[in-house]
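For the sequence shown, this note's numbering assigns the number -2 to the initial residue and increments by one for each residue that follows. Positions of the beta carbon are idealized from the N, C-alpha and C atoms, including for glycine. Following: one structure in structure tokens, then a few remarks.
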Amino acid sequence: MKALRLICPIMVVAAILIASPALHGQSPPSVSYFIALAQPDQHLVEVHLSLLQGPAQRELQLPVWNALYQVRDFSQYINWIHALDGSGKPLSLRELGKGRWQLEGAQDGATIEYQIYVDSPGPFGAQLNSHHAFLNLAQILIYAVDARNTPIRLHFTHVPREWQIATPLAPADGGGFSADNYDRLVDSPVEIGTFRESDFDESGARFRVIIDADPADYDSSQIVADLHKIAASAIWWMNDLPFDSYMFIYHFPHGPAGGGMEHAYSTAIELNADSIKQSLYPLTAVTAHEFFHLWNVKRIRPQTLEPVDYTKENLTRALWFSEGVTSTAEDFIQLRAGLIDEKQFLMNLGEQIGELERRPAHLTQSAEQSSLDAWLEGYTYYRRPERSVSYYNKGELFGLMLDLTLREQSHDRASLRELLQWMNANYARKGRYFDDSNGVREAAEAVSHADLSAFFAKYVAGTDELPWNDFLRTVGLQVDVQTTTMPDPGFLASRSFDGPMSVVAVSPGGEAEQAGLREGDTITELQGKSVGQESRQDLSRLKPGDTITAKVRSHRSGERELKWKVAGRPETAYEVKDLDHITPDQRARRAAWLKGEAQTGVGANSQQRPAGNTGGWSQ
Ligand SMILES: [Zn+2]
-2 MKALRLICPI MVVAAILIAS PALHGQSPPS VSYFIALAQP DQHLVEVHLS
48 LLQGPAQREL QLPVWNALYQ VRDFSQYINW IHALDGSGKP LSLRELGKGR
98 WQLEGAQDGA TIEYQIYVDS PGPFGAQLNS HHAFLNLAQI LIYAVDARNT
148 PIRLHFTHVP REWQIATPLA PADGGGFSAD NYDRLVDSPV EIGTFRESDF
198 DESGARFRVI IDADPADYDS SQIVADLHKI AASAIWWMND LPFDSYMFIY
248 HFPHGPAGGG MEHAYSTAIE LNADSIKQSL YPLTAVTAHE FFHLWNVKRI
298 RPQTLEPVDY TKENLTRALW FSEGVTSTAE DFIQLRAGLI DEKQFLMNLG
348 EQIGELERRP AHLTQSAEQS SLDAWLEGYT YYRRPERSVS YYNKGELFGL
398 MLDLTLREQS HDRASLRELL QWMNANYARK GRYFDDSNGV REAAEAVSHA
448 DLSAFFAKYV AGTDELPWND FLRTVGLQVD VQTTTMPDPG FLASRSFDGP
498 MSVVAVSPGG EAEQAGLREG DTITELQGKS VGQESRQDLS RLKPGDTITA
548 KVRSHRSGER ELKWKVAGRP ETAYEVKDLD HITPDQRARR AAWLKGEAQT
598 GVGANSQQRP AGNTGGWSQ
């Protein structure tokens, strides 16, 4: 529900004049932002925020977090800030805390002016340089706490002549862009530069594909063809299309790359140019994941993430579902789209099982606890295998096992797909948020007509071992556990999002330690390439006896180049394979499972067109 503020007509006119001189016609009173791309070489942006008249005393806030579940205190980048009234007279602005100010004398409106440094690259950041601007607006735009729900006009100035602007925001009459409120504004990334655009239509919606990269590094027709398959397959999976237009924004840098960030009407994805030349799989995988988020997390949304608290962490127990089960859907969507096959699907399942089983913390940290602790992921110690499990990893596996359980309990009438569709119909489309794990259980029980409380208590709230074979038997599969000799680089490292690789442990007496690698070191280059998303894969391809070359730095020892040999160590490998004797029933179930269809489906086999655009939906 939105609170309406009563304003007398004369004051509205004055407010519009203060808020946005370029406005004409009968647009609603709105807060205006003017973002000047004043000094690209210095990464400096100047922002003018024009507030409407209202209370004399206001609180202003720059979010402390956005996109990543990490507090990043964006106010660290504000070089200077001041406030003026309509006649240009300075107003008092007092700092109340990191990123929070108290403004006085703003009864007739006010303009807040500030300069902010923006040079964090990647889909979770904001960056202005001589090549382009890519902006997550929550990182740079202060809002007045009392005006968070007021409509907004956004203008860019000092845009270099040859640059264009791409954003899912609606263009406004009279120039610039508009948003219904601050939350919607900052859920809309902006790319400004000399990108290339390739669009396509699917199921009646427009898909805009914005690529800012060296054209020699990618084949846009192949990318568009794959995106088309992903969009069609996901819309089929959800039997829903809650938008008219959706935007994909891609960057393919040659250095480190950050992954993807979801938004309600768009996604921003960054991948290393060399990795996508070898195969488009990293691109289709992250794209299927981020695209599915337009439902799961953006619309099918846990209550604990609403309203977004820009002043501190939003603690939630639901990331195992919002992230992990999004990865489960990503697998099924890619399978349905023909981008991966059964063999790759089962290989990924085996790898995911191995990743969970090899972390001792799977016996001490539940999927819910891992979700709550997401805010600690920036810390190296937290990422150690004995400290934490990943809610992506455990959530994805739980999603797969939940799918098999729903099929069994419902006698093949319901699956994970019906569960997501039920949550879409009963939460998202009704404007409700779900009650974290209880909300998921409620949906699972509604579609399967079974009591799943023990199942959720053991594997979501608890740390019971998942009995893989009990679930997999229903589709004629089993987990084969073998000890093999695996390459051992002599250290354990982890990356936090788009950050460098930190060494979290070094094997005592091993080759890496003898070469001088220490816990706490940062690895910036591996095998002559800057460390990025694909480094883990590069490491996994090494064999015992191969040589590792790494550029390493630390506070204590500075930067140095190290070389050592890969050793071998026994490791348990998990492979998902056929049972020795598969019954026709198990075979039929497997076929339906891999297609994402319930055999005698409740809604799965229906041929309805996706439901029309919601128009009125808002979060
Ligand atoms: Zn995600």
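Status (buried if at least 16 other CB within 10 Å, exposed otherwise) for residue i
| i | result |
| --- | --- |
| H260 | buried |
| L360 | exposed |
| M244 | buried |
| S263 | buried |
| H155 | exposed |
| G517 | exposed |
| P18 | Reliability of the predicted coordinates at P18 is poor, the pLDDT of 39 falling under 50, and no value is obtained from them. |
| N466 | exposed |
| Q418 | buried |
| K427 | exposed |
| L474 | buried |
| K295 | buried |
| S127 | exposed |
| R333 | buried |
| G122 | buried |
| P87 | exposed |
| G525 | exposed |
| R203 | exposed |
| G252 | exposed |
Residue j beta carbon less than 9 Å from that of residue i
| i | j | result |
| --- | --- | --- |
| A364 | E383 | no |
| R470 | S445 | no |
| E194 | I162 | no |
| W317 | A425 | no |
| V142 | E310 | no |
| V563 | P464 | no |
| S29 | L151 | yes |
| E354 | T482 | no |
| A130 | L34 | yes |
| Q349 | E320 | no |
| F431 | E439 | yes |
| I273 | Y215 | yes |
| A210 | P250 | yes |
| V528 | P497 | yes |
| S47 | A107 | yes |
| F289 | L413 | no |
| W62 | Y307 | yes |
| L224 | F197 | yes |
| E110 | A144 | no |
| L558 | T544 | First, the amino acid is wrong: residue 558 is Glu here, not Leu. For E558 and T544, no; Cβs fall outside 9 Å. |
Any chain B beta carbon closer than 9 Å to residue i
| i | result |
| --- | --- |
| F431 | Here there is only one protein chain, and chain B is not present. |
For residue i, the residue or residues it bridges with in DSSP
| i | result |
| --- | --- |
| M498 | R492 and I520 |
| W98 | L57 and E92 |
| E199 | A202 |
| F245 | V206 and T264 |
| G257 | I266 |
| Y140 | Q58 |
| H40 | Answer by DSSP bridge pairing: none, since H40 is not bridged. |
| D575 | L474 |
| E110 | H45 and H79 |
| S527 | E522 |
Closest Cα partner of residue i within the set the options
| i | options | result |
| --- | --- | --- |
| Q406 | V478, F468 and G459 | F468 |
| Q479 | E439, E572, R550 and T519 | E572 |
| N76 | E159, S47 and I137 | I137 |
| T519 | V500, W233, S532 and V457 | V500 |
| S242 | G257, S200 and K548 | S200 |
| S554 | H79, L514 and G119 | L514 |
| K560 | A595, D535 and L523 | L523 |
| Q341 | T377, L417 and K574 | K574 |
| A265 | L539, T284, D70 and R381 | T284 |
| P212 | A169, F204, D271 and A254 | D271 |
| I32 | L81, D477, S117 and A135 | A135 |
| T104 | A53, E159, L93 and G335 | Note on residue identity: the sequence assigns Gln, not Thr, to residue 104. For the residues A53, E159, L93 and G335, the minimum Cα distance to Q104 belongs to A53. |
| L132 | G171, V42 and Q112 | V42 |
| V305 | P581, P60 and A422 | P60 |
| P541 | V503, R492 and G487 | G487 |
| S532 | T544, A254 and A502 | A254 |
| H40 | Q58, Q112, Y378 and D82 | Q112 |
Cβ separation of residue i and residue j, assumed to be a contact under 8 Å, to the nearest whole Å
| i | j | result |
| --- | --- | --- |
| S185 | P148 | Incorrect: roughly 14 Å between the Cβ atoms, too far for contact. |
| R586 | R404 | 7 Å |
| D461 | K455 | 4 Å |
| E415 | A229 | Incorrect: roughly 20 Å between the Cβ atoms, too far for contact. |
| S551 | R380 | S551 to R380, Cβ: 17 Å. No contact. |
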